[in-house]
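Colleague:
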Amino acid sequence: MSLSNAESELRSMSGERVFDVSRSTEFHTLESQFKDFRHQLDDSDALRDRIRALVSEIESVTRLMQSRLLLVHQSRPIPEVVAKAKEQIVVLKELYSKLAEIIRECPGQYYRYHGDWRSETQTVVSLLAFIHWLETETLVLHAEAEAQLGYFAFLFELSLDSVNPWNFGLDIEDYLVGICFMSNDLPMYVVNRVTCGDYDCPRKVLKFLTDLHASFRMLNLRNDFLRKKFDGMKYDMRKVEEVHYDVKIRGLAVEKER
50 MSLSNAESEL
60 RSMSGERVFD
70 VSRSTEFHTL
80 ESQFKDFRHQ
90 LDDSDALRDR
100 IRALVSEIES
110 VTRLMQSRLL
120 LVHQSRPIPE
130 VVAKAKEQIV
140 VLKELYSKLA
150 EIIRECPGQY
160 YRYHGDWRSE
170 TQTVVSLLAF
180 IHWLETETLV
190 LHAEAEAQLG
200 YFAFLFELSL
210 DSVNPWNFGL
220 DIEDYLVGIC
230 FMSNDLPMYV
240 VNRVTCGDYD
250 CPRKVLKFLT
260 DLHASFRMLN
270 LRNDFLRKKF
280 DGMKYDMRKV
290 EEVHYDVKIR
300 GLAVEKER
């Protein structure tokens, strides 16, 4: 073998070794990356399991509240029904407190997991709104709903720990959807109240829904689900309006409306 050929072969072997080392380094880097991904996904799954366990408890509490509020459609005394339903608000507050503790473990990840309790929170808002209306005949405000679930306390505690205080709160869209759900319950409530002799109820509910619908019209709704729920409010108004018209035609509410 000539000297030039030997030198060429040595350079070739050296290049192969460099290539092998480079390829090996790249493989280990890739392997390390996916191991890191695996750990992150495992941690995320474990955290999500904890969230879902709490959400299941929230769902159970809301079902109990719903069953108790159904009694308002059976001519039971409203204060008594409301008092029984409100007993569960304390339980909800404790569950949301535990949920806040979990979210504190993953700062900046609120919207990554928010979907796991969104539906249940919308139901909770609808129940709080219905209870509030039964007591005051007014709409529960966003801040009032937050306060009932203890969100203000969560925000204060989070801010003390130098965590972004807005990582955990009552999402505005969840609040609005919950209000739309509450609107769906009012037509049946009106029919049952009229059956019990409360002929002024249709007028009150119709005024409330009319004002609520007008307020929603101020919003530029881009969320398809929320927009559909808002569109359904028109049908709730129409049903209540029909009952109100029927009561007026029969002359049952004339004295109260003068």
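50 is the number of the first residue of the sequence shown in the working numbering; add one for each residue after it.
A virtual CB, placed ideally from N, CA and C, is assigned to each residue, including glycine.
Please read all numbers here as calculations on a predicted model, not as lab measurements.
What is the residue span of the alpha helix (DSSP H) that D273 lies within?
Modeller: On the sequence shown, residue 273 is found 224 positions in, with the first residue counted as 1. From DSSP, the alpha helix (DSSP H) with D273 extends over D273 to I298.
Colleague: Which whole-angstrom value is the C-beta distance of H181 and V174, which I expect to be below 8 Å?
Modeller: Along the sequence shown, one-based indexing puts residue 181 at 132. Along the sequence shown, one-based indexing puts residue 174 at 125. So it is not a contact: roughly 10 Å between Cβ atoms.
Colleague: With burial defined as no fewer than 16 other Cβ atoms inside 10 Å of the residue's Cβ, what is the status of I152: buried or exposed?
Modeller: Translated into the one-based positions of the sequence shown, residue 152 becomes position 103. By the 16-neighbour rule on beta-carbons within 10 angstroms, I152 is buried.
Colleague: Do the segment 81–89 and the segment 107–117 touch if we need at least three Cβ pairs shorter than 8 Å?
Modeller: no
Colleague: Give me, in chain order, the residues of the same chain whose beta-carbon lies closer than 7 Å to that of N272; leave out the 5 immediate sequence neighbours on both sides.
Modeller: For this step, residue 272 is matched to residue 223 along the sequence shown. Answer for N272: E222, listed in chain order.
Colleague: According to DSSP, is C250 helix, strand or coil?
Modeller: Looking up residue 250 in the sequence shown gives position 201. The answer is helix: DSSP assigns C250 an H, G or I state.
Colleague: To the nearest angstrom, how far is it from the Cα of E136 to the Cα of D98?
Modeller: What you label residue 136 is simply residue 87 of the sequence shown in a count that begins at 1. What you label residue 98 is simply residue 49 of the sequence shown in a count that begins at 1. If I take the Cα positions, the gap works out to 27 Å.
Colleague: Around the Cβ of F279, are there at least 16 other Cβ atoms within 10 angstroms (buried) or fewer (exposed)?
Modeller: Residue 279 sits at position 230 when you count from the first residue of the sequence shown. By the 16-neighbour rule on beta-carbons within 10 angstroms, F279 is buried.
Colleague: For K133 and V292, what's the separation of their Cα atoms in angstroms?
Modeller: Here residue 133 refers to the residue found at position 84 when the sequence shown is read from its first residue. Here residue 292 refers to the residue found at position 243 when the sequence shown is read from its first residue. Whole-angstrom Cα-Cα distance: 29 Å.
Colleague: Rounding to the nearest angstrom, what Cα-Cα distance links L119 and I138 in this structure?
Modeller: The residue you call residue 119 lines up with position 70 of the sequence shown. The residue you call residue 138 lines up with position 89 of the sequence shown. Those two C-alpha atoms are separated by around 17 Å.
Colleague: For V226, which residues of its own chain have a beta-carbon under 6 Å away from its beta-carbon, when the five flanking residues on both sides are left out?
Modeller: Here residue 226 refers to the residue found at position 177 of the sequence shown. The answer, listed in chain order, is Q171, L275 and K278.
Colleague: For F285, which of G300, D295, K297 and P251 has the nearest alpha-carbon?
Modeller: For the purposes of this step, residue 285 is taken as the residue at position 236 of the sequence shown. Here the sequence assigns Asp to residue 285, which means Phe is not the residue at that position. When the alpha-carbon of D285 is set against those of G300, D295, K297 and P251, the nearest one is in P251.
Colleague: Leaving aside the five residues before and after V239 along the sequence, list all residues of the same chain whose C-beta is less than 7 Å from its C-beta, in chain order.
Modeller: Counted from its first residue, the sequence shown places residue 239 at position 190. Leaving aside the five residues that flank V239 on each side, the residues in its chain whose CB is nearer than 7 Å to its CB run, in chain order, C250, P251, V254, V289 and V292.
Colleague: Considering W166, what are the terminal residues of the alpha helix (DSSP H) in which it resides?
Modeller: On the sequence shown, residue 166 is found 117 positions in, with the first residue counted as 1. From DSSP, W166 is part of no alpha helix (DSSP H); its letter is neither H nor E.
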